[in-house]
Amino acid sequence: MSRESMEYDVVIIGGGPSGLSTAIKLKQLDPNLNVCLLEKASEIGAHILSGNVFETRALDELLPNWKELNSPIKTKVTKEKFLFLGKTKSLSWPTWLLPKVQQNHKNYIISLANLCRWLAEQAEGLGVEIFPGFPASEILYNDDGSVKGVATQDMGIDKEGNKKDSYEPGIELLGKVTVFAEGCRGHLGKQLIEKFELSKDKDPQQYGIGFKEIWEIEEKNHEEGLVMHTAGWPLDNSTYGGSFMYHAENKQVFLGYVIGLDYKNPHLSPFDEFQRFKTHPAIKKIIEGGKRISYGARALIEGGFQSLPKMYMPGALLVGCDAGTLNMPKIKGSHTAMKSGMIAAESIHEHFKENKDLSIYEDKFKNSWLHKELYEARNVKPSFSWGLILGIIFTGIDQILFRGKLPFTLKHKHADHETLKPANKMPKIDYPKYDNVITFDKTSSVYLTGTNHTENQPVHLKLKDPDLPINYTLEKFNEPAQLYCPAGVYEVQKENDVNKFVINSQNCIHCKTCDIKEPSQNITWVTPEGSGGPRYGNM
Amino acid sequence: MKILVAVKRVIDYNVQIRVKEDNSGIVTDNVKMSTNPPDDNAIEEAVKIKESGKATEVVAITVGEEKAQETVRKALAVGADRGIHVKADGILEPLAVSKILQKIVEKEKPDLVFMGKQAIDDDCNQTGQMLSALLNWPQATFASKIEVKDNKLEVTREIDEGLETIEINTPAIVTCDLRLNEPRYASLPNIMKAKKKPIEELIASDLGVDITPRIEQVKVEEPPKRKAGIKVASVAELVQKLKNEAKVI
Chain W
1 MSRESMEYDV VIIGGGPSGL STAIKLKQLD PNLNVCLLEK ASEIGAHILS GNVFETRALD
61 ELLPNWKELN SPIKTKVTKE KFLFLGKTKS LSWPTWLLPK VQQNHKNYII SLANLCRWLA
121 EQAEGLGVEI FPGFPASEIL YNDDGSVKGV ATQDMGIDKE GNKKDSYEPG IELLGKVTVF
181 AEGCRGHLGK QLIEKFELSK DKDPQQYGIG FKEIWEIEEK NHEEGLVMHT AGWPLDNSTY
241 GGSFMYHAEN KQVFLGYVIG LDYKNPHLSP FDEFQRFKTH PAIKKIIEGG KRISYGARAL
301 IEGGFQSLPK MYMPGALLVG CDAGTLNMPK IKGSHTAMKS GMIAAESIHE HFKENKDLSI
361 YEDKFKNSWL HKELYEARNV KPSFSWGLIL GIIFTGIDQI LFRGKLPFTL KHKHADHETL
421 KPANKMPKID YPKYDNVITF DKTSSVYLTG TNHTENQPVH LKLKDPDLPI NYTLEKFNEP
481 AQLYCPAGVY EVQKENDVNK FVINSQNCIH CKTCDIKEPS QNITWVTPEG SGGPRYGNM
Chain L
1 MKILVAVKRV IDYNVQIRVK EDNSGIVTDN VKMSTNPPDD NAIEEAVKIK ESGKATEVVA
61 ITVGEEKAQE TVRKALAVGA DRGIHVKADG ILEPLAVSKI LQKIVEKEKP DLVFMGKQAI
121 DDDCNQTGQM LSALLNWPQA TFASKIEVKD NKLEVTREID EGLETIEINT PAIVTCDLRL
181 NEPRYASLPN IMKAKKKPIE ELIASDLGVD ITPRIEQVKV EEPPKRKAGI KVASVAELVQ
241 KLKNEAKVI
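Residue numbers (the numbering used here), protein chains in the order written: chain W, 1 to 539; chain L, 1 to 249.
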């Protein structure tokens, strides 16, 4: 079937900080370039979720006058706390003893979704064509194997794959260069990494799942500008994770929890760990009397330097966390994503102007502060595979004494889908009941995300082997998809005494955790119909 | 034949509405906005009529703040020929909107005016009816089927008792039900083309219409939370509770 096609100099897939920065930088370097940007969400920002304590370094370079442009970067960090939590006690760690990478006094508490909306305005002002509601679903290749562009998803296909009255075929967007900026575990980026063997000789990528809730709290508990992190309870010593609580403007706090997806116990429920965490006295006293107004979750990259794939291939580049530029010890990926996009734009500009090979992206990256930052951060995450306590001691030595300059690099040994132990060998976890005041169930949480997918469309979570969940994963791992999915998409239901694996794909909040953690890699996340998924506000 | 279609920008139907803390209204900052769903049906129907050769022009109009223009732009992307944006800030009541529409109708002289049966934000369901009265035109509300005949319309209406089919003379006002059709998607090339279609910008006050609100909004509150149910042991107990506690029988 022939589709319509549109030609651009550069086609960018994804309207997050990396894609938007690529677009802005390209138009700054050459206003005559034709640049378009596709976004699967119904509008820019609606699929963006992040803490977020924002370091302005990349933005200072990209739009030095951002303070005059009515940017949504307002709340300066005024105070920092770090707590180790026991079950009921908490121990405050002096901030001056924190590694430099974890000090935030120059940073801002922001909503990344709002920052992206603002960046999109800047990009459109420069002439970038932004198309929200159009997921890129397919990579197109030239005869010589180089990337030619992407095709957008067909719209108006029913569950069985038939065309509905509203059917609208996808179209081909052809770019001289295509930039993939889908964020963590982008479904096209994943295909490119495999096809072009971009991760050859690299460590397996590491991921985490991050939860976030926004609470409106009582004035007496609110301290605008306060940034607080915790480690410890409710996770055990061998599970990597921690919390954040950022006091933003308008009496809001951004409360969240991140858990490494290399956890071993299939009975662990990341969602319930987060809910339980909020009942700790040190946390509860802050949010008590307040109201939860938003919820969301998203997988994030934790592999860092060792796992970073090659970011160029014929005709295309990877930017941001589609490659994996997040700085884990800093718990920040926005400024690094932006910087990678800016470097990509410079490389593309030289590629067009001076006919240089796209591999200059790698050279430019190696000479940038981004590379230095990721290199110095590289040993922190792997050291936590020895447990929380040894990890902290090592990190202290590595980050405070040696500032990331130790002459060796620790390895990530396993991919996250390989780490689960059989269910019968691991302890069951008894999670407390939700009280609907501080803790909530998944259904009422997903309700807050505004998630919707048009009814009667194909399921966008594909099983390679449809029988595997019941025949193997349920028995061996108690089908952990029921627990690791933060939106209750996966259920095992008993029907006439026969187990059935149910996929409620309309609840999917596009976090990609199933695609990462499924022990046999049996679940593949593909793009649903355009505009589907969450409608996050200021996440 | 010319069709004028009125469209309204509202909070997207998937977004969970949040009441402002001071009860002065609802939170709209950074909230996803969309075209009022039945207005999409109105546009779709007008475009279909044009595609069937029975109409020559479809004009989309909205009344509202600066950003409301996105709604007109979307209508242009699915087939409207040109747009009108009457700029007005603040609360716009149905009477104000219908008076503005009256002025536009007098100027544009369409044969038909389509709009959604009601908007999902205030649920007023009044604008079409008021416009019909102001213009002294026939109206067909809650349309789930429209057939264009010479100088007449046959309209099937969704009413409480079922379906009612009526015939009205044109020019006329039709308010559209969600069952009328399945709105098409805007394709990328059509979104691009829509950027080049003309949108006439007018200012409400220049039309000589008084749009001052006539209703004072006292406060906005969330509906009360539903209380948890209880289990009863027997039918007798249920009847007793319904009688004595709930006092419904």
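Note that the Cβ used here is the ideal one computed from N, Cα and C, for glycine as well.
Using the Cα positions of residue i and residue j, report the straight-line distance between them to the nearest angstrom.
i: P309(W); j: G324(W); result: 8 Å
i: E221(L); j: P198(L); result: 41 Å
i: Q506(W); j: T78(W); result: 41 Å
i: Q306(W); j: R378(W); result: 7 Å
i: K462(W); j: N522(W); result: 8 Å
i: L180(L); j: K8(L); result: 18 Å
i: G341(W); j: M192(L); result: 25 Å
i: F114(L); j: N136(L); result: 16 Å
i: K149(L); j: T56(L); result: 15 Å
i: T419(W); j: P519(W); result: 8 Å
i: I429(W); j: N36(L); result: 46 Å
i: D158(W); j: K40(W); result: 19 Å
i: I44(W); j: L119(W); result: 9 Å
i: G404(W); j: L192(W); result: 31 Å
i: K2(L); j: G128(L); result: 17 Å
i: K89(W); j: P234(W); result: 12 Å
i: A181(W); j: G16(W); result: 7 Å
i: G53(L); j: L112(L); result: 15 Å
i: N504(W); j: G488(W); result: 8 Å
i: D467(W); j: E160(W); result: 19 Å
i: Y8(W); j: P469(W); result: 43 Å
Are the beta-carbon atoms belonging to residue i and residue j less than 8 Å from one another?
i: P110(L); j: M6(W); result: no
i: S294(W); j: I214(W); result: yes
i: N327(W); j: L374(W); result: yes
i: A345(W); j: L26(W); result: yes
i: P38(L); j: L178(L); result: yes
i: I13(W); j: A123(W); result: no
i: Y610(W); j: F211(W); result: Chain W is shown from 1 up to 539; residue 610(W) falls before or after that span and cannot be answered.
i: I215(L); j: E93(L); result: yes
i: D416(W); j: Q206(W); result: yes
i: K264(W); j: K421(W); result: yes
i: N30(L); j: R535(W); result: no
i: P382(W); j: I209(W); result: no
i: I11(L); j: K20(L); result: no
i: G149(W); j: M539(W); result: no
i: T395(W); j: P99(W); result: yes
i: E172(W); j: R3(W); result: yes
Pick from the options: whose alpha carbon is nearest that of residue i?
i: G156(W); options: H453(W), D497(W), Q275(W) and L406(W); result: H453(W)
i: G86(W); options: E80(W), A231(W), N65(W) and I130(W); result: A231(W)
i: M130(L); options: V97(L), K50(L) and K107(L); result: V97(L)
i: H105(W); options: E80(W), K464(W), K428(W) and S111(W); result: E80(W)
i: G303(W); options: G315(W), T178(W), A248(W) and L261(W); result: L261(W)
i: F545(W); options: S243(W), D322(W), K284(W) and Q457(W); result: A query on residue 545(W) cannot be resolved here, the shown segment of chain W reaching from 1 to 539 and no further.
i: Y490(W); options: D497(W), H510(W), C514(W) and I392(W); result: C514(W)
i: G333(W); options: N32(W), L59(W) and L33(W); result: L59(W)
Excluding sequence positions up to five away, which residues of its chain have a Cβ less than 6 Å from the Cβ of residue i?
i: L242(L); result: V248 and I249
i: G83(L); result: A60, V72, L76 and I199
i: K145(L); result: T156
i: G79(L); result: V47
i: H351(W); result: L358
i: H335(W); result: E55, R57 and A58
i: D40(L); result: P183
Near residue i, which residues of its chain fall below 7 Å by C-beta distance, leaving aside the five closest residues on each side in sequence?
i: G290(W); result: W215, E216, I217 and E218
i: Q153(W); result: P135, S137, G170, T527, E529 and G530
i: C124(L); result: P94 and Q118
i: H229(W); result: F82, G242, S243 and F244
Considering only residues of the same chain and omitting the five flanking positions on each side of residue i, which have a CB-CB separation below 8 Å?
i: D144(W); result: P314
i: W386(W); result: F394
**Prompt:** Okay, do the stretch 260-270 of chain W and the stretch 232-241 of chain W touch, 3+ Cβ pairs below 8 Å being the bar?
**Reply:** Cβ pair count under 8 Å is three or more, so yes.
**Request:** Inspect the CB distances between the stretch 359-368 of chain W and the stretch 215-226 of chain W and report whether three or more fall short of 8 Å.
**Result:** no
**Stretch-stretch touch, CB-based, cutoff 8 Å, three pairs: the stretch 102-121 of chain W with the stretch 35-50 of chain W** = Yes: at least three Cβ pairs fall under 8 Å.
**Request:** Count the C-beta pairs between the stretch 181-196 of chain W and the stretch 516-532 of chain W that are closer than 8 Å, then say yes if the count reaches three, no if not.
**Result:** yes
**Asked** Are there three or more Cβ pairs, one per stretch, closer than 8 Å when the stretch 206-213 of chain L is compared with the stretch 193-200 of chain W?
**Response** no
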